[in-house]
Amino acid sequence: MKHWILFYLSIVLFACQPPETNEIAEKVTPSQYVDSTNLIYQILAERENSVLDSVINHPETFEIQILYTQIDRDSANRPSFTSHYYGIDTNNYFYPASTVKMPAAFLALEKLNELNVDGLTKYSTMLTDSAADGQTRVTEDLTSESGMPSVAHYIKKIFLVSDNDAFNRLYEFLGQEYLNDQLHEKGYDQLHVIHRLAIFNTPEQNRRTNPVSFYDNADILYQQELVESSRDFRMQTQNLRKGVGFMRNDSLINEPKDFSQNNFVAARTLQDMLKAIIFPDAVPEEQQFNLTEDDYQFLYRYMSQLPSETTFPNYAADTTEDYYDSYVKFFLFGDTKESLPKNIRIFNKIGMAYGYLTDNAYVIDFESNTEFLLTAVIYVNKNQILNDGVYEYDDVGIPFLADLGRAIFEYELACDRPNLPDLSRYQVTYDKSNEAM
Numbered sequence: 154m155k156h157w158i159l160f161y162l163s164i165v166l167f168a169c170q171p172p173e174t175n176e177i178a179e180k181v182t183p184s185q186y187v188d189s190t191n192l193i194y195q196i197l198a199e200r201e202n203s204v205l206d207s208v209i210n211h212p213e214t215f216e217i218q219i220l221y222t223q224i225d226r227d228s229a230n231r232p233s234f235t236s237h238y239y240g241i242d243t244n245n246y247f248y249p250a251s252t253v254k255m256p257a258a259f260l261a262l263e264k265l266n267e268l269n270v271d272g273l274t275k276y277s278t279m280l281t282d283s284a285a286d287g288q289t290r291v292t293e294d295l296t297s298e299s300g301m302p303s304v305a306h307y308i309k310k311i312f313l314v315s316d317n318d319a320f321n322r323l324y325e326f327l328g329q330e331y332l333n334d335q336l337h338e339k340g341y342d343q344l345h346v347i348h349r350l351a352i353f354n355t356p357e358q359n360r361r362t363n364p365v366s367f368y369d370n371a372d373i374l375y376q377q378e379l380v381e382s383s384r385d386f387r388m389q390t391q392n393l394r395k396g397v398g399f400m401r402n403d404s405l406i407n408e409p410k411d412f413s414q415n416n417f418v419a420a421r422t423l424q425d426m427l428k429a430i431i432f433p434d435a436v437p438e439e440q441q442f443n444l445t446e447d448d449y450q451f452l453y454r455y456m457s458q459l460p461s462e463t464t465f466p467n468y469a470a471d472t473t474e475d476y477y478d479s480y481v482k483f484f485l486f487g488d489t490k491e492s493l494p495k496n497i498r499i500f501n502k503i504g505m506a507y508g509y510l511t512d513n514a515y516v517i518d519f520e521s522n523t524e525f526l527l528t529a530v531i532y533v534n535k536n537q538i539l540n541d542g543v544y545e546y547d548d549v550g551i552p553f554l555a556d557l558g559r560a561i562f563e564y565e566l567a568c569d570r571p572n573l574p575d576l577s578r579y580q581v582t583y584d585k586s587n588e589a590m
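The sequence shown begins at 154 in this note's numbering and counts up one residue at a time.
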C-alpha cells in the first residue's frame with residue numbers, strides 16, 4: 154500500500170496559500186459556489202472526475218457544504234489554523250445522522266470525570282434499566298471481553314462501526330437536557346441532540362431517559378434515576394421541510410418532511426468539537442472537554458482504528474455486516490473495500506441517513522507528515538422522497554466524499570511548510586492483544 158500516494162497523486166497547479174479573498178465567513182452564498190478565487194472550488198475544478206463535476210456544477214441541488222482547515226505548526230509544534238469554506242451555512246438544515254454520536258461520546262467521558270466517584274471509570278459496568286414507556290433494559294453485552302456493557306465499550310462501537318444502540322445508551326446516561334446544555338455552555342450552540350437513533354420514539358419519550366447504574370463487580374458505584382427534560386428544544390435553522398414527500402410506515406405522504414423535531418449539528422460546530430479533542434490546548438478553555446490524557450489516547454485509538462484491527466467486538470466474524478476497512482471512513486477511501494494503508498489515519502465520525510452523507514475528520518499521514526481537518530455534507534436524493542431507502546449513496550455521495558478527500562490530501566502534499574508537525578501524540582497502538590475492555 155505504500156504506492157497508494159503515487160497511484161492517486163496528480164499535478165497541483167496552484168500554490169499552497171489561501172486566496173486573498175475573505176473566505177472565513179458564516180455563510181457562502183450560492184454565487185460564491187463558483188467563485189474562481191475560492192480555494193476549495195479551485196482544488197475541485199482541477200480534478201478530472203465525472204462525479205465531482207456533476208456535483209460542483211449543481212451545488213445547490215446537492216446542498217454541498219465543505220469546511221477545509223489547513224494546519225501550520227511553529228517551531229514548538231503549536232498549531233495555527235486557516236479555514237476555507239464552500240457552501241457553509243449554519244442556518245440551512247441538514248440531517249446530521251450518526252455524527253451526533255461524536256459529541257455524546259466526548260461528553261460521556263467528561264460526565265464520568267465530573268461525577269468524581271471513587272472507582273467509577275469508563276470501564277465500569279454500566280447497566281441500563283427501564284422506567285417509562287418506550288424504554289428498554291441492558292443487562293449484558295456479549296460483544297465485550299467481559300460480557301458486560303460500559304461507557305468505554307459503547308464509545309468503541311460508536312467510532313468503529315457507528316453502532317446506534319451504543320449511542321442511545323450514552324444518550325440515556327447523559328439525559329437530553331444535560332447533553333444539550335453542557336455543549337451549548339461550551340459555545341457549541343449550533344447543535345440540538347434531542348432523540349435516540351433508529352428507534353421511533355415520540356418527542357415526549359425522548360425527553361425521558363432511563364435509569365442507569367454503574368458497578369464494580371457486585372458493588373454499586375453510582376446510580377442515576379429516570380431523568381425527564383423540562384425543555385422543548387426547538388430549531389432556529391431554516392429550511393426544516395425537505396423533499397416533496399416521505400414514507401410513513403408503508404404509505405407515501407405527499408408533502409415535505411418536517412425535521413423540526415430531529416437532531417441537528419452545524420458543519421462548523423462538528424469541526425470545532427473535533428478540533429477541541431485533537432488540539433485541546435489550541436482552543437479556548439471554555440470549548441475544551443474535561444478529559445484526562447488517558448481519555449484522549451482512548452479516543453485517538455478508536456476514532457482511527459479499523460474494524461479489522463479489533464477483537465472485541467469480533468467484526469470479522471460478523472456475518473450480518475461486511476465491516477471492511479473503509480466502512481466508516483468516507484474521505485479518501487470510501488469508494489474502495491480494499492485494505493487501507495497503515496501510514497494514513499483518519500480520526501472521524503460519519504453520518505448517513507435520509508439522503509444526507511457527512512464526514513468530519515482529522516486526517517494525518519505519518520510518512521509525509523501531512524495533516525488537515527475536513528468536514529463535508531452532501532445530499533443525494535434524486536427523487537426527493539424521504540425515508541424510502543432510495544438514495545444515491547454509492548453512485549454519487551460516497552465517491553464524491555472519497556475524491557474530495559483525495560483532492561485535499563494531494564493539495565496538502567504539495568504544500569511546503571517551514572515546520573513539519575510532530576504527530577507522535579496520535580501514534581497509538583492497535584495491537585489486538587493490548588485491548589482491555
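We put the CB at the ideal spot given by N, CA and C, even for glycine. Keep in mind it's a predicted model, so treat the numbers as computed, not measured.
Return yes when the Cβ of R559 is within less than 8 Å of the Cβ of L459, no when it is not.
Residue mapping note: residue 459 aligns to position 306 of the sequence shown, counting from 1. Residue mapping note: residue 559 aligns to position 406 of the sequence shown, counting from 1. Not a contact, by the Cβ cut-off of 8 Å.
State yes or no: is the beta carbon of M456 nearer than 8 Å to at least one beta carbon in chain C?
No chain C appears in the structure shown, which is made up of a single protein chain.
Using a Cβ distance threshold of 8 Å, determine whether the stretch 274-287 contacts the stretch 310-329, with at least three qualifying pairs required.
yes
Within 8 Å, strictly: CB atoms of L423 and Y515
As a working mapping, residue 423 is identified with position 270 in the sequence shown. As a working mapping, residue 515 is identified with position 362 in the sequence shown. No, Cβ-Cβ distance for L423 and Y515 is not below 8 Å.
Output the distance between the C-alpha atoms of Y341 and I503, rounded to the nearest integer angstrom.
Walking along the sequence shown from the start, residue 341 turns up at place 188. Walking along the sequence shown from the start, residue 503 turns up at place 350. Rounded to the nearest angstrom, the two C-alpha atoms are 19 Å apart.
Do A529 and L557 have their CB atoms nearer than 8 Å?
Here residue 529 refers to the residue found at position 376 when the sequence shown is read from its first residue. Here residue 557 refers to the residue found at position 404 when the sequence shown is read from its first residue. Going by C-beta atoms, A529 is nearer than 8 Å to L557.
Straight-line CA distance for E563 to E439?
One-based indexing of the sequence shown puts residue 563 at position 410. One-based indexing of the sequence shown puts residue 439 at position 286. Straight-line Cα distance between these residues: approximately 34 Å.
CB V315 to CB K254, shorter than 8 Å?
Here residue 315 is taken as the residue at index 162 of the sequence shown, counted from 1. Here residue 254 is taken as the residue at index 101 of the sequence shown, counted from 1. Note that residue 315 is Ser in the sequence shown here, rather than Val. Cβ distance < 8 Å, so S315 and K254 count as in contact.
When L493, V418 and I352 are compared against Y477, the one with the closest alpha-carbon
Reading the sequence shown from its first residue, position 324 is the one you call residue 477. Closest by alpha carbon: L493.
Using CA coordinates, which residue listed in K339, A285 and Y248 is at the minimum distance from V436?
Taking the sequence shown and counting its residues from 1, one reaches residue 436 at position 283. Checked all of K339, A285 and Y248; the closest Cα to V436 is K339.
Taking the Cβ atom as the reference point for each residue, do V533 and E524 lie within a distance shorter than 8 Å?
Residue mapping note: residue 533 aligns to position 380 of the sequence shown, counting from 1. Residue mapping note: residue 524 aligns to position 371 of the sequence shown, counting from 1. Going by C-beta atoms, V533 is not nearer than 8 Å to E524.
Please go through the same chain and pick out, in chain order, the residues whose beta-carbon is closer than 6 Å to the beta-carbon of R578, but skip the five residues on each side of it.
Here residue 578 refers to the residue found at position 425 when the sequence shown is read from its first residue. Here the set comprises nothing.
Return yes when the Cβ of R498 is within less than 8 Å of the Cβ of I241, no when it is not.
Against the sequence shown, residue 241 aligns to sequence position 88. Against the sequence shown, residue 498 aligns to sequence position 345. For I241 and R498, no; Cβs fall outside 8 Å.
Can we say the stretch 256-275 touches the stretch 299-318, given the rule of at least three CB pairs closer than 8 Å?
yes
Determine the DSSP secondary structure at I352, reduced to helix, strand or coil.
In the sequence shown, the residue the question calls residue 352 occupies position 199. Of the three classes helix, strand and coil, the one that applies to I352 here is coil, per DSSP.
Whether F500 touches S457 by CB criterion (8 Å)
The residue given as residue 500 occupies position 347 in the sequence shown. The residue given as residue 457 occupies position 304 in the sequence shown. Yes, these two residues count as a Cβ contact at 8 Å.
Leaving aside the five residues before and after V397 along the sequence, list all residues of the same chain whose C-beta is less than 6 Å from its C-beta, in chain order.
On the sequence shown, residue 397 is found 244 positions in, with the first residue counted as 1. Hits under 6 Å: Q537.
According to DSSP, which residues form a beta bridge with Y239?
Residue numbering aside, residue 239 sits at position 86 when the sequence shown is read from its first letter. Beta-bridge pairing links Y239 to I219.
Enclosing beta strand (DSSP E) for D372 [first to last residue]
Taking the first residue of the sequence shown as position 1, residue 372 is located at position 219. D372 -> beta strand (DSSP E) spans D372 to Q377.
Given a cut-off of 8 Å on the beta-carbon distance, is the pair D488 and I551 in contact?
Within the sequence shown, residue 488 is the residue found at index 335, counting from 1. Within the sequence shown, residue 551 is the residue found at index 398, counting from 1. Yes.
Would you list the residues sitting across from N513 in a DSSP beta bridge?
Your numbering for residue 513 matches position 360 in the sequence shown. N513 is bridged to K502 and T528.
For N354, I'd like the list of residues in its chain whose CB is within less than 8 Å of its CB, leaving aside the five on either flank, ordered along the chain.
Residue 354 sits at position 201 when you count from the first residue of the sequence shown. For N354, where only same-chain residues beyond five positions count, the Cβ hits under 8 Å are G287 and H348.
Candidates S366, D541 and T473, of which the one nearest D403 by Cα:
The count along the sequence shown starts at 1 and reaches residue 403 at position 250. If we check each option's Cα against that of D403, D541 comes out closest.
Report the three-state DSSP secondary structure of L197 (helix, strand or coil).
On the sequence shown, residue 197 is found 44 positions in, with the first residue counted as 1. L197: helix per DSSP, three-state reduction.
Tell me the rounded alpha-carbon separation between Y449 and T243.
As a first step, residue 449 is located in the sequence shown; it is residue number 296 there, counting from the start. As a first step, residue 243 is located in the sequence shown; it is residue number 90 there, counting from the start. Each residue's Cα considered, the two are about 28 Å apart.
Just how far apart, CA to CA, sit S382 and E330?
As a working mapping, residue 382 is identified with position 229 in the sequence shown. As a working mapping, residue 330 is identified with position 177 in the sequence shown. So the alpha carbons of these two residues sit roughly 5 Å apart.
Just to confirm my understanding: we take A351, look at its own chain, exclude 5 residues before and 5 after, and list those with CB closer than 7 Å. What are they?
Working through the sequence shown from its first residue, we reach residue 351 at position 198. Correct list, in chain order: N317.
Determine whether the beta carbon atoms of F465 and E298 lie at a separation below 8 Å.
Counting from 1 along the sequence shown, the entry for residue 465 is found at position 312. Counting from 1 along the sequence shown, the entry for residue 298 is found at position 145. Yes, Cβ-Cβ distance for F465 and E298 is below 8 Å.
If you check the beta carbons only, do F442 and E267 fall under 8 Å apart?
Looking up residue 442 in the sequence shown gives position 289. Looking up residue 267 in the sequence shown gives position 114. No.
So, using beta-carbon positions, are L393 and Y246 closer together than 8 Å?
In the sequence shown, the residue the question calls residue 393 occupies position 240. In the sequence shown, the residue the question calls residue 246 occupies position 93. Yes, these two residues count as a Cβ contact at 8 Å.
Compare the C-alpha of I517 against each of K410, E491 and L526 and name the closest.
In the sequence shown, the residue the question calls residue 517 occupies position 364. Nearest option by C-alpha distance: L526.
Of the choices V543, N513 and E565, whose alpha-carbon is the least far from that of S521?
For this step, residue 521 is matched to residue 368 along the sequence shown. For S521, the nearest C-alpha among the options comes from E565.
Given a cut-off of 8 Å, decide if D569 and N230 are closer than it, judged by their beta-carbon atoms.
For the purposes of this step, residue 230 is identified with residue 77 of the sequence shown, where counting begins at 1. For the purposes of this step, residue 569 is identified with residue 416 of the sequence shown, where counting begins at 1. Contact flag unset, no.
Cβ neighbour criterion (16 or more within 10 Å) applied to I193
For this step, residue 193 is matched to residue 40 along the sequence shown. Under this definition I193 is a buried residue.
Proximity of F417 and T390 at Cβ, strictly below 8 Å
The residue given as residue 417 occupies position 264 in the sequence shown. The residue given as residue 390 occupies position 237 in the sequence shown. Yes.
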